[in-house]
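Chains as they are written, first to last, in the numbering used here: chain A, 1205 to 1610; chain B, 1205 to 1610.
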Ligand SMILES: NC(=O)c1ccc[n+]([C@@H]2O[C@H](COP(=O)([O-])OP(=O)(O)OC[C@H]3O[C@@H](n4cnc5c(N)ncnc54)[C@H](O)[C@@H]3O)[C@@H](O)[C@H]2O)c1
Ligand SMILES: NC(=O)c1ccc[n+]([C@@H]2O[C@H](COP(=O)([O-])OP(=O)(O)OC[C@H]3O[C@@H](n4cnc5c(N)ncnc54)[C@H](O)[C@@H]3O)[C@@H](O)[C@H]2O)c1
């Protein structure tokens, strides 16, 4: 039975690559809860980065085996688990052949911009891991299940900060009297963000040349930690990064407020980006899966719900913290990144709304609960990990710390 | 002594990566002839591809060691030689430290679109070899000679065939009442062409973040074989590819005409591209080196001199062949590629002219001499290598032949 997209009417089996991570784990739970059959593919390399850099999640997190076991105990639902590196095509092939997915959600990349700027070896690792991993996923789909819909996590950072409105993936340009709709120009600002740009170009080509179907979710900065499913049991708890390498803006501010550390505003703080609640990440991914791209279509959605500047976020956290009796101050620290600190920013994000996304906007109550969450775990905070210490323009030429293996 | 670009007044030492190849060898000779101090860096992997695929240059070519030796015998000029893979950073570092280049010309990539479409392993090899190799060059420049000007070979194929005029690297877009000048959108159509798009984005970032200076030469399809310097002695002879994997359009047609093989027009033959004479390749590279980019500047030149459709080239070769008494016919063969066969094409190419390029336009006399050249060597032609046999939409999932090592 096919729907108007020529697709089997409801995709049933979803492979979640990177399903042990911050976005991937709650998404796996959500999809399982919605009665998709879920298989997690993950090398667990993210846990290795923590060991190597001496970092840890704010929240204690269970092993992936225990997470899946606990979910089964609570709900009776099972999840397949394939532990391995998607850069290893033999491993990936076996996972595809045995699971036979209808859709693949691909979260499985090195996703920290600062990590990719530590040194040459990690810059190379990031681009190799992400670009070759994604190439392997494309070849596996072509080889083993050409009908399979790829839902790939990209980032709003691919666009940079152009002085014109940001569209969803494509822009119609009239030039010297002629018109065409072309891929939106990309201006990424770290080796990590660049790896996503490379992925997007590679995926676009395979949709055109091979007729693959793909959705690129250019995701904004995610905040929050709890979803309906992770809240069911402490063994299902999601990871929460607050350090200078993997922590993202709003999550970091909440932890900083909870432990009495000044909020680290990089430079002037006018940097504006799209943000979304982790509960909307899982919702968006499900919407993309339930409404697959057509054969040969490379669809791009900007996946965020609201724009904020860093100064605006710092102000919101300060106010919410004071309400809870915390003394919060924002502090401008020298910007470790090379980026515009005051700029125009207006990015479109209607396509997921059109598919039915009901956004969880950033509210006082969410900020309260995030802050309370941070307060609950504040004894676990390692203060030495809060300040940023990876500088873009140094991009230490020399190997720093232990090198991850390709 | 600095000139207006803040650059040492005349760059003296040029490292030519890929200096054993079709473009790299004549460029090395030309630069040496113009009294630059030249070092060739090459892994010779191109010669390995020939062995693995059972291919050979139309022209007999000497070893790189004999080429350099012969050049020294004829002119008294020396060239340094570093044999190694630029993906090996230890090797590349030693080459940079011992030679201390003022400019690096980077030809050293896997450059065949069909090769990159043979199978997964060669697609991955191509993107790894090209992207990681170029990342290493960027890190080496940053580490060992931040003043060094990178001249990187890109391709006109990065742009694809948009329905608007192609500008040189950047386009000014007015959108919803605002204006910005942004990287020209890229639509590459093979894993090889995509690797060049990835390189361009990576280089642009390092110019911005680290202040490197770089020129991206988006080269058209090169034809011809002799330059002033290669013609001096048979041991200096350049390679000439006519097979379906490495041969490029006009060169292939001349060999086909010489051996009485029908000219292989892919599909409708309306595919239009920019072309240039190999003598203009060496001229353009020297112009880029002699007029370096500024600190932090990422400069893009479209390096070609004339546009032709495949049908137009087939017509020119047919006419020239008949003049020499050859019986030439053009034959449409099923297009192995996924590409538009009839399309708008108008690409700008004024920046190198502004720097002083004096083009060698495609003329009857050049076609005569190319055809005579092909006739001279026609006994060396392997007829079984002429037809294209790598199909884009098959992109054989299975390893085909011997796999190159990463
Ligand atoms: N967190 C955010 O704010 C955010 C924002 C925009 C986009 N994204 C994107 O969403 C995706 C998920 O992000 P996240 O925050 O959950 O990251 P994460 O690091 O928490 O999770 C990524 C997971 O992928 C796995 N992985 C990495 N490389 C792998 C490989 N080669 N083989 C198998 N598994 C591999 C890791 O072990 C990890 O579990 C990433 O692609 C990221 O770029 C995240
Ligand atoms: N020939 C054309 O028509 C054409 C057109 C547009 C652009 N270009 C570009 O110009 C450059 C040169 O093209 P060409 O036709 O001379 O190709 P070629 O294959 O003849 O030469 C490339 C050389 O680079 C070397 N090389 C490849 N990978 C290497 C590595 N990792 N380390 C060290 N050496 C390595 C090869 O051994 C070879 O000698 C390429 O970057 C190509 O993409 C060529």
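Glycine included, C-beta positions come from ideal geometry on N, C-alpha and C.
Counting along the chain, no alpha helix (DSSP H) covers residue 1223(B), and no H or E run does either. For residue 1594(A), the shortest separation between its Cβ and any heavy atom of ligand 2 does not lie below 7 Å. If you ignore the 5 residues before and after residue 1299(A), its C-beta comes within less than 6 Å of the C-beta of 1245, 1286, all in its own chain and listed in chain order. In the structure shown, the three-state DSSP call for residue 1561(B) is coil.
Taken from the Cβ of residue 1449(B), every heavy atom of ligand 1 lies 7 Å or farther away. Rounded to the nearest whole angstrom, the C-alpha separation of residue 1523(B) and residue 1386(A) is 39 Å. Close CB contacts of residue 1304(A) within its chain, under the 8 Å cut and outside five residues either way in sequence, are with 1217, 1348, 1349 (chain order). For residue 1391(A), the nearest beta carbon of chain B is closer than 8 Å to its own beta carbon. For residue 1356(A), the enclosing beta strand (DSSP E) starts and ends at 1353-1359. Counting of Cβ neighbours within 10 angstroms places residue 1557(B) among the exposed residues, the total staying below 16. Rounded to the nearest whole angstrom, the C-alpha separation of residue 1494(B) and residue 1328(A) is 31 Å. Along the segment 1322-1345 of chain B, the positions whose C-beta sits under 7 Å from a C-beta of chain A are 1324, 1327, 1328, 1331, 1332, 1335, 1336, 1339, 1343, read in chain order.
The three-state secondary structure of residue 1245(B), taken from DSSP, is strand. The beta carbon of residue 1237(B) lies closer than 7 Å to those of 1433 in the same chain, with the five residues before and after it left out.
Sequence-distant Cβ neighbours of residue 1215(A) in its own chain, meaning closer than 7 Å and more than five residues away, are 1306, 1307, 1353, 1493, 1496. The Cβ atoms of residue 1221(B) and residue 1309(B) lie closer than 8 Å to each other. Ranking 1381(A), 1410(A), 1283(A) by CA distance to the CA of residue 1343(A) puts 1410(A) first.
At the C-beta level, residue 1532(B) and residue 1574(B) stay beyond 8 Å of one another.
Taking a C-beta distance under 8 Å as the contact criterion, residue 1359(A) and residue 1400(A) qualify as a contact pair. Around the Cβ of residue 1337(A), a 10 Å sphere holds 16 or more other Cβ atoms; the residue is buried. Taking the Cα of residue 1268(A) as reference, the smallest distance to any Cα among 1224(A), 1291(A), 1339(A), 1230(A) is reached at 1224(A). In this structure residue 1302(B) is exposed. Its beta-carbon is surrounded by fewer than 16 other beta-carbon atoms within 10 angstroms. Assignment of residue 1330(B) by DSSP, reduced to helix, strand and coil, places it in the helix class. By the Cβ neighbour-count rule, residue 1383(B) is exposed, with fewer than 16 other Cβ atoms within 10 Å of its own. In the pairwise beta carbon analysis, the segment 1465-1482 of chain A is classified as touching the segment 1555-1571 of chain A: at least three pairs are separated by under 8 Å. By DSSP's assignment, residue 1510(A) forms a beta bridge with 1479(A). Under the three-state reduction of DSSP output, residue 1379(A) falls in the strand class. Interface with chain B (8 Å Cβ-Cβ cutoff): residue 1356(A) is excluded. Considered as a whole, the segment 1496-1557 of chain A harbours 1502-1507, 1510-1513, 1534-1537 as its complete beta strand (DSSP E) runs of no fewer than 3 residues, in chain order. Under DSSP, residue 1287(A) takes part in a beta bridge, and its partners are 1246(A). Taking every protein chain shown into account, the CB of residue 1270(A) has fewer than 16 other CB atoms within 10 angstroms, so this residue is exposed. Close to residue 1387(A), with beta-carbon spacing below 9 Å, are these residues of chain B in chain order: 1389, 1390, 1391.
Apart from the 5 residues on each side of it in sequence, residue 1541(B) sits with its Cβ closer than 6 Å to the Cβ of 1596 in its chain, given in chain order.
In the three-state reduction of the DSSP assignment, residue 1421(B) falls in the strand class.
Of the candidates 1546(A), 1538(A), 1536(A), 1530(A), the residue whose Cα lies closest to the Cα of residue 1576(A) is 1530(A). Residue pairing for residue 1386(A): DSSP places it in a beta bridge opposite 1375(A).
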